[in-house]
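Each protein sequence line maps, in turn, to chains A and B.
Oh and the first sequence: position 467 is 817 in the numbering used here, straight run, nothing missing.
Oh and the second sequence: position 330 is 680 in the numbering used here, straight run, nothing missing.
C-beta: ideal position from N, C-alpha, C; glycine also.
These numbers were taken from a predicted model, which means no experiment stands behind them.
2 protein chains.
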Amino acid sequence: MASSQPPPRPISSTLLLALVPIASWFIVRPFLDPIPSLPALYTSIGFSIFTFMATLYLVPALGPTFVKAHLSGRDLLKVYATQIPESLGLVCASVYILALILFIPFAFSDSLTIRSTRTPEGIFVSEFPHSRLSVYLSSLLSLLIATILGFLDDVFDIRWRHKLPIPIIASIPLLMVYYAERGNTHIVVPLPLRFLLGSLLNLGPLYYLYMSLLSTFATNSINILAGINGSEVSQALIIAISVILNDLLYLPWPIGFHLPVHLLGSNAEVEFGGVWSAGMAYGSKELVERHLFSLYFMLPLVAVCSGFMYHNWYPARVFPGDTLCYVTGMAFAVVGIQAHFSKTLLLFFLPQIFNFVLSCPQLFGLVPCPRHRVPRFDADTNLLHPSKAIFMKPPSKLAATVLRILSIFKLVVLTVHPSGVILETTNLTILNFFLVRLGPMNEKRLVQVLMCCQIGGSVLAFSVRYGLAGLVYDGDRR
Amino acid sequence: MASSQPPPRPISSTLLLALVPIASWFIVRPFLDPIPSLPALYTSIGFSIFTFMATLYLVPALGPTFVKAHLSGRDLLKVYATQIPESLGLVCASVYILALILFIPFAFSDSLTIRSTRTPEGIFVSEFPHSRLSVYLSSLLSLLIATILGFLDDVFDIRWRHKLPIPIIASIPLLMVYYAERGNTHIVVPLPLRFLLGSLLNLGPLYYLYMSLLSTFATNSINILAGINGSEVSQALIIAISVILNDLLYLPWPIGFHLPVHLLGSNAEVEFGGVWSAGMAYGSKELVERHLFSLYFMLPLVAVCSGFMYHNWYPARVFPGDTLCYVTGMAFAVVGIQAHFSKTLLLFFLPQIFNFVLSCPQLFGLVPCPRHRVPRFDADTNLLHPSKAIFMKPPSKLAATVLRILSIFKLVVLTVHPSGVILETTNLTILNFFLVRLGPMNEKRLVQVLMCCQIGGSVLAFSVRYGLAGLVYDGDRR
């Protein structure tokens with residue numbers, strides 16, 4: 351069953367070359383007549399394809415450089431002990447951010463925005479969008495800081511408790527510019543609470559706290575659902591695709607379409623579309639712009655994640671390091687905050703929320719937390735088994751109660767001494783939970799289960815967002 | 351003469367504590383009546399004092415962490431071989447950029463700009479300065495990228511030829527936002543050339559090339575004038591102070607003053623001042639704002655450099671690494687470009703220009719270039735001597751001619767075989783030039799000579815800028 355370490359994954363240069371003209375066409379398209387209604391979106395797609403190619407090519411090319419700089423480690427769940435390059439998320443982050451920077455003139459310069467006023471069907475501004483540029487730049491700053499801090503974490507191996515506030519530092523530029531730009535701190539109150547709070551509530555400073563906590567959650571929740579090949583990048587990929595699907599609903603589409611929301615329990619019959627009607631934005635320029643902003647950040651992220659996943663897929667040839675988790679998490683926080691759909695965004699994090707809640711007893715010291723909580727690898731069968739945390743002294747009453755409740759719901763398996771004292775518990779992560787419920791499986795199958803769970807979570811998220819949300823919110827979605 | 355490695359330099363906690371109320375007063379001052387005419391400048395000074403304290407404290411505190419992460423090296427010009435923490439410029443850059451980010455709401459929010467309209471003497475905008483915020487943010491992006499790339503250079507030890515374009519990448523956000531904001535690409539033509547080119551010349555794309563070359567020069571010219579304790583940071587400190595002095599000339603001062611420019615060869619008698627007259631800006635709101643922008647970036651830079659210099663001074667307890675050179679160089683390029691005084695800025699780089707021109711034969715392969723060109727250390731006398739480059743094969747005719755000319759001007763000392771073939775030359779750097787002209791000296795004296803040279807250069811720069819420039823430019827200084 352044992353396998354030796356495989357060589358770097360091959361890249362088809364034919365495929366790469368074939369993508370060049372396609373990507374170039376998308377970038378050039380906005381300058382050709384007839385000018386499309388959303389010109390910068392074409393450029394963004396073109397840039398994303400180039401980003402995909404750059405990641406696909408650079409990650410294996412730079413691997414040896416990382417090994418030389420002591421940035422490597424062995425794969426704990428394999429039989430071979432070869433050093434695998436670590437922290438390659440830095441390459442992803444650099445390519446991603448560089449693409450976003452080069453995109454600035456296309457998204458904000460006159461040449462495109464002024465030209466676009468010629469198409470009366472689209473929804474556009476003719477004056478220079480200074481305010482949106484500031485927001486875009488502050489988002490880039492936050493992504494860059496997340497990258498630096500993630501890489502510092504990889505180099506200096508910062509302790510868990512010290513790295514919790516890192517995303518808060520990275521979110522400072524977002525908050526500063528949000529404040530300087532007099533950002534909205536009102537939230538729409540759910541229908542059942544309106545008799546108490548009115549329909550709009552000004553959270554004031556609490557809104558800033560909420561934003562920095564969102565960054566912290568988005569970043570750390572991906573970082574703690576890690577440890578097996580492809581787990582970090584596949585989460586990021588699926589969340590990014592979900593955000594894109596949600597954004598697409600708000601764009602002005604040239605075709606009419608109909609969303610069967612009544613099947614999902616909504617009272618309203620929602621039909622929208624028709625030539626250049628504005629999707630679910632119902633003609634709101636503001637909403638279209640917000641979701642375009644989100645697309646500009648998510649399209650290249652999907653490209654980078656796909657390119658990286660090719661090399662990080664089981665058996666992994668490279669590791670992402672903390673850098674990838676930080677930068678992807680911050681990217682989600684950025685679009686959630688700046689495009690004002692943080693509640694919808696959180697719905698796409700259902701598996702992460704489950705994993706975080708399940709982890710709490712270990713994260714907050716109720717149950718012993720070993721350095722690594724990844725599943726245990728059985729070299730003979732090549733299967734993963736749930737890993738265990740051992741109680742060196744009997745657990746407190748509270749810990750024992752919590753563990754017994756988790757055990758009843760089959761979230762953990764306990765080893766109990768005949769006297770009734772808990773001796774061991776499986777570690778409190780979603781990966782160990784899968785292994786507890788579905789039995790031992792190999793690493794590739796486990797990451798596939800995780801991905802299915804993430805996709806299932808997104809399907810559920812869409813049902814809740816466009817079905818159930820109608821019960822507690824009206825159309826007023828500021 | 352030999353000395354053992356000294357312990358970390360002590361920090362007076364009394365001094366640090368005494369600075370807290372002073373810094374706090376400067377930050378709070380803009381909110382107290384009577385509101386000062388330049389409120390954000392007070393905040394900037396307050397932030398700078400905190401920045402100084404943070405650098406002074408954090409650099410030695412984080413030193414051991416850097417050593418643990420393999421970021422250390424021995425001091426080549428000392429008798430001891432202890433590992434000294436390297437790349438501490440990263441700490442400086444982080445503190446510096448964090449201070450600039452936290453400063454955003456003070457520089458741009460309503461609370462200060464709207465309040466300030468109450469003082470009719472000052473020169474202020476009441477509408478929100480979106481465009482200036484974008485420029486500020488793009489500058490921060492460039493500084494952050496310079497930091498990342500500088501640190502990557504330290505970690506991966508990038509080869510000389512590969513790292514030349516690094517500042518160009520870092521300047522991309524500057525250029526992108528300059529373009530998106532429809533930045534001015536006109537230059538004022540010197541008087542003698544106006545009959546040919548008119549008084550204003552649009553450089554178009556060449557202006558962008560000029561800006562990225564300026565970043566490249568400012569960054570690399572500090573990086574190649576390095577190698578002895580305190581050399582990098584002292585250059586940055588003196589240039590930053592020179593820029594600040596120049597900026598102060600353009601602020602509205604409450605007192606009148608008189609600059610004896612006629613002594614410097616200018617025809618015009620320049621007298622300015624009086625209560626709230628606008629210094630050399632002659633009431634131009636635009637000019638005052640540009641130089642305020644420059645001050646916001648330079649004041650904390652001086653603070654960071656002073657704090658770092660305390661620990662980097664001979665005998666150095668920490669090394670700056672490439673990160674410090676990159677971030678300071680980029681900071682100068684940023685203010686030169688955004689505040690439109692790049693020609694004046696270049697005048698403050700006279701020693702760096704001299705060093706660069708002198709280095710050219712080695713940089714471009716005419717003369718052999720050893721890995722390190724730092725002066726040679728004589729452990730017995732504790733003195734530095736000029737280091738030498740050895741010709742493994744006889745130099746080309748061109749190289750020999752160049753070296754003989756340099757030798758005539760006593761810029762180098764050659765070792766010549768009786769047959770007339772050049773065997774050795776002292777390395778072509780300003781440090782070796784000092785040693786050739788002034789004789790062997792110890793490291794501390796050499797860095798003092800370098801600093802005197804830098805100060806002398808700045809004095810000359812001011813004379814040229816406010817004296818001779820009157821001969822080739824009129825008052826039209828766009």
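Residue i, buried or exposed, once every other Cβ within 10 Å from all chains shown has been counted against 16
i	result
residue 363 of chain B	exposed
residue 430 of chain A	exposed
residue 710 of chain A	exposed
residue 690 of chain B	buried
residue 787 of chain B	exposed
residue 730 of chain A	exposed
residue 674 of chain A	buried
residue 457 of chain B	buried
residue 770 of chain B	exposed
residue 752 of chain A	buried
residue 820 of chain A	buried
residue 435 of chain A	buried
residue 381 of chain A	exposed
residue 701 of chain B	buried
residue 470 of chain B	Low local confidence applies: a pLDDT of 43 at residue 470 of chain B is under 50, so the model's placement there is unreliable, and no value is given.
residue 659 of chain B	buried
residue 498 of chain B	buried
residue 418 of chain B	exposed
residue 413 of chain A	buried
Residue from the options whose Cα sits closest to the Cα of residue i
i	options	result
residue 484 of chain B	A/526, A/707, A/357 and A/771	A/526
residue 746 of chain B	B/523, B/718 and B/547	B/718
residue 491 of chain A	A/503, A/814, A/502 and A/448	A/448
residue 528 of chain B	B/732, B/652 and B/684	B/684
residue 782 of chain A	A/733, A/589 and A/414	A/733
residue 504 of chain A	A/686, A/800, A/540 and A/669	A/669
Limits of the unbroken alpha helix (DSSP H) element including residue i
i	result
residue 641 of chain B	635-662
residue 679 of chain A	671-688
residue 382 of chain A	Looking at the DSSP string, residue 382 of chain A is not in any alpha helix (DSSP H), and its letter there is neither H nor E.
residue 482 of chain B	480-506
residue 582 of chain B	581-598
residue 544 of chain B	544-547
residue 398 of chain A	389-418
residue 307 of chain B	The requested residue 307 of chain B does not occur in the structure, where chain B is confined to residues 351 to 828.
residue 752 of chain B	747-758
residue 429 of chain A	Unbroken run through residue 429 of chain A: none, as it is neither H nor E.
residue 733 of chain B	It is not in any alpha helix (DSSP H) - residue 733 of chain B instead sits in the beta strand (DSSP E) that spans 733-735.
Closer than 9 Å to chain C by CB, residue i
i	result
residue 523 of chain B	This model lacks chain C altogether, as its protein chains are A and B.
Element boundaries [beta strand (DSSP E), containing residue i]
i	result
residue 727 of chain B	726-728
residue 740 of chain B	738-740
residue 436 of chain A	It is not in any beta strand (DSSP E) - residue 436 of chain A carries neither H nor E in the DSSP assignment.
residue 552 of chain B	550-552
residue 531 of chain B	It is not in any beta strand (DSSP E) - residue 531 of chain B carries neither H nor E in the DSSP assignment.
residue 424 of chain B	422-424
residue 764 of chain A	764-766
residue 772 of chain B	772-776
residue 818 of chain A	First-last for residue 818 of chain A: undefined, no H or E at that position.
- Query: Which residues, taken in chain order from the stretch 406-425 of chain A, show a beta carbon closer than 7 Å to some beta carbon of chain B?
  - Reply: Across the stretch 406-425 of chain A, CB contacts with chain B closer than 7 Å involve 415, 419 and 420, in sequence order along the chain.
- Message: Along the stretch 529-542 of chain A, where does the CB come closer than 9 Å to a CB of chain B? Name the residues.
- Response: From the stretch 529-542 of chain A, only 529, 530, 531 and 532 have a Cβ closer than 9 Å to chain B.
- Message: Can you confirm whether the stretch 775-782 of chain B touches the stretch 713-730 of chain B when touching is taken to mean that 3 or more C-beta pairs between the two stretches lie within less than 8 Å?
- Response: Yes: at least three Cβ pairs fall under 8 Å.
- Message: For the stretch 647-670 of chain A, list every residue whose C-beta sits within 9 Å of some C-beta in chain B, in sequence order.
- Response: Residues passing the 9 Å Cβ filter: none.
- Task: Pair every Cβ in the stretch 407-416 of chain B with every Cβ in the stretch 375-392 of chain B, then say whether three or more of these pairs are closer than 8 Å.
- Result: Touching, no.
- For the 8 Å Cβ check, are there 3 or more pairs between the stretch 384-399 of chain B and the stretch 632-645 of chain B? Yes, since at least three Cβ pairs between the stretch 384-399 of chain B and the stretch 632-645 of chain B fall closer than 8 Å, the two stretches touch.
- Positions along the stretch 478-498 of chain A whose CB lies within less than 8 Å of some CB in chain B: Listed in sequence order: 478, 480, 481, 483, 484, 487, 488, 490, 491, 494, 495, 497 and 498.
- Message: What are the residues in the stretch 743-775 of chain B lying within 9 Å of chain A by C-beta distance?
- Response: So the list is empty, because no residue satisfies the distance condition.
- Item | Members of the stretch 675-687 of chain B near chain A, C-beta cut-off 9 Å | Listed by position, the residues of the stretch 675-687 of chain B near chain A (Cβ gap below 9 Å) amount to none.
- Message: Is it the case that the stretch 652-668 of chain B contacts the stretch 565-574 of chain B, given that we only count it when at least three CB pairs across the two stretches are under 8 Å?
- Response: At 8 Å Cβ cutoff, the stretches do not touch.
- Touching or not, the stretch 545-556 of chain A and the stretch 587-604 of chain A, by the rule of three or more beta carbon pairs under 8 Å? With a cut-off of 8 Å, the stretch 587-604 of chain A and the stretch 545-556 of chain A do not count as touching, because too few Cβ pairs lie within range.
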